[in-house]
Amino acid sequence: MDVKGRKFSIIGLGRSGVAAARLLVKKGAEVFASDVRERSELTAVADELERLGVRLEFGRHSERILESESIVVSPGVPSDTPVLKQAKEKGKAVISEVELAYSFLECPMVAVTGTNGKTTTAALINHVLESEGLRTALGGNVAPGIPMSGLVGRPLDFAVVEVSTFQLETIDRFRPHVGVLTNIAPDHLDRHGSFEEYKRLKARLFSNQTDQDFSVLNADDEDVMDATEAVRSRRVFFSISGRVDDGVWVAEGDIRFRILERSGRICSSSEIALKGEFNLENSLAASAACLLLGVEKETIAKALASFKGIIHRLEEIGEIRGITFVNNSMCTNPTAASKSLAAFSEPLVLIMGGKDKGFDTDLLIKSVVEKTKHVVLIGEVAKRLSKELEVAGFSRYESASSMSDAFNKAYAASTSGDTILLSPGFASFDMFKNFEERGFAFKEAFAQLKSKSQ
57 MDVKGRKFSI IGLGRSGVAA ARLLVKKGAE VFASDVRERS ELTAVADELE
107 RLGVRLEFGR HSERILESES IVVSPGVPSD TPVLKQAKEK GKAVISEVEL
157 AYSFLECPMV AVTGTNGKTT TAALINHVLE SEGLRTALGG NVAPGIPMSG
207 LVGRPLDFAV VEVSTFQLET IDRFRPHVGV LTNIAPDHLD RHGSFEEYKR
257 LKARLFSNQT DQDFSVLNAD DEDVMDATEA VRSRRVFFSI SGRVDDGVWV
307 AEGDIRFRIL ERSGRICSSS EIALKGEFNL ENSLAASAAC LLLGVEKETI
357 AKALASFKGI IHRLEEIGEI RGITFVNNSM CTNPTAASKS LAAFSEPLVL
407 IMGGKDKGFD TDLLIKSVVE KTKHVVLIGE VAKRLSKELE VAGFSRYESA
457 SSMSDAFNKA YAASTSGDTI LLSPGFASFD MFKNFEERGF AFKEAFAQLK
507 SKSQ
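Going by the working numbering, the sequence shown opens with residue 57, and the numbers climb by one from there.
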């Protein structure tokens with residue numbers, strides 16, 4: 057795409073917005089960027105972009121945005137923002153940063169979405185491809201990599217990208233050669249309005265694919281199967297509950313596959329490094345994607361055994377006096393929290409809670425009652441959860457006012473052999489800037505206790 061001399065506006069100066077600005081300036085576009093935060097909150101970003109010649113506004117989204125022919129919207133910007141509505145009414149092109157980056161990308165792309173597991177699956181795919189000796193990089197707004205715009209111009213064999221529904225709202229030609237949908241469960245309904253709309257947006261990952269592309273789908277998830285019934289790409293499946301015609305599955309403890317006229321055994325499911333049934337699903341999805349790209353099964357087996365996971369996702373951070381500490385701050389919905397609890401056999405002291413988005417918590421409460429010896433509640437949802445635990449006959453809980461307070465209360469309730477698990481099950485925005493900040497607060501509390509214990 058030739059953007060030289062064309063005018064672009066960028067709404068939101070988070071990681072993806074800044075990356076989009078850098079890319080557009082590099083390609084010769086005239087760039088205007090807007091953020092509702094004040095300049096004092098974005099000093100380093102503002103200084104850099106001004107040096108690049110980007111015109112900036114802070115504290116609001118004004119109609120100056122509409123002076124451009126195309127608008128790049130950051131994923132954190134609500135779709136009902138008034139200036140976005142005006143832009144659409146005026147026929148302006150409104151696109152996400154991943155759509156912009158895709159228009160310049162010169163290598164095949166693997167894109168992963170899903171309610172849970174997308175970050176781990178994307179990182180695992182990247183790890184497998186690197187293990188095969190391929191030039192690859194991990195991108196995306198949430199993944200532990202860089203925004204997709206940062207991949208443009210790199211000499212890559214493949215780009216692996218994690219994509220959210222917020223980004224899929226505003227794609228146009230975005231087309232992954234391999235698209236992966238890990239699962240679908242209610243999430244972000246405060247933004248998308250209904251579960252059906254959320255499902256539709258997840259399936260948009262495949263909307264531009266042809267029969268030359270592939271979709272990797274969770275055969276055990278009815279909502280995934282329902283949402284992807286009409287995809288045009290070749291459908292490949294993964295399942296932990298039984299054999300699939302084309303894809304990867306578990307049979308008698310072995311991970312097996314039949315894909316593109318190849319079939320066989322990859323490894324025993326007990327050989328993968330990641331714990332938990334949900335991580336077995338992630339491993340199957342990643343294996344299917346990599347088999348489609350021609351990776352040898354032996355490489356996949358070694359990579360599954362060596363991949364240690366990602367920060368803030370069942371991240372074991374250490375042990376003090378026989379108590380293990382696990383940071384699972386990335387867990388931002390009750391479904392993920394329930395699955396995380398199932399990954400442990402040892403006694404659990406759980407820290408959970410956060411921003412209440414009205415999720416159904418029945419399954420989570422059942423899992424808490426069955427799997428935990430003590431619970432520390434945090435965030436605005438704490439009051440609701442305490443009532444639901446009481447109704448379920450569970451009284452071994454208490455509330456905390458901060459992460460430090462929660463950590464200390466969890467430690468006081470623990471004995472040698474226990475695991476203290478931060479697995480909130482809710483968003484972080486009531487107490488923290490993001491789930492990363494929440495996870496680092498937990499790790500900081502651990503570091504302080506560790507230093508006192510030595």
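Even glycine gets a Cβ: it sits at the ideal position worked out from N, Cα and C.
Fair warning: this is a prediction, and the values are worked out from it, not measured in the lab.
- A straight-line Cα-Cα distance of about 28 Å links R321 and R288.
- Within a 10 Å sphere around the beta-carbon of M57 sit fewer than 16 other beta-carbons, which makes this residue exposed.
- Taking C-beta atoms as the reference points, E218 and K174 count as a pair closer than 8 Å.
- Look at R318 here: in three-state DSSP terms it is strand.
- As computed with DSSP, M408 is found in a beta bridge with L433.
- In this structure, the alpha-carbon of P203 lies about 44 Å from that of V447.
- Annotation for R71: P203 place their beta carbon closer than 6 Å to its own, counting only its chain and skipping 5 residues before and after.
- Taking the C-beta atoms as reference points, I127 is found nearer than 8 Å to A149.
- When DSSP states are grouped into helix, strand and coil, V351 belongs to the coil group.
- By the Cβ criterion, the region 456-465 is not in contact with the region 359-370, since fewer than three pairs of Cβ atoms, one from each stretch, lie closer than 8 Å.
- A residue is called buried when at least 16 other Cβ atoms come within 10 angstroms of its Cβ; D103 does not meet this threshold and is exposed.
- Taking each of P403, S385, A501 and K422 in turn and checking the Cα distance to S479, the smallest one comes out for S385.
- When DSSP states are grouped into helix, strand and coil, R120 belongs to the helix group.
- Distances from the alpha-carbon of N239 to those of L257, R231 and R229 put L257 closest.
- The continuous stretches of alpha helix (DSSP H) do not include I151, which lies in the beta strand (DSSP E) extending over residues A149 to S152.
- DSSP places K146 in no alpha helix (DSSP H); its state is neither H nor E.
- Beta-bridge pairing by DSSP links F222 to no other residue.
- For the 8 Å CB-CB criterion, I67 and H117 form a contact.
- It is roughly 19 Å from the alpha-carbon of M281 to the alpha-carbon of T177.
- According to the DSSP assignment, T192 belongs to the beta strand (DSSP E) that extends over T192 to G196.
- Closest option to V432, judged by alpha-carbon separation, among N464, P134 and L273: N464.
- DSSP places R229 outside any beta strand (DSSP E), giving it a letter other than H or E.
- The three-state secondary structure of F400, taken from DSSP, is coil.
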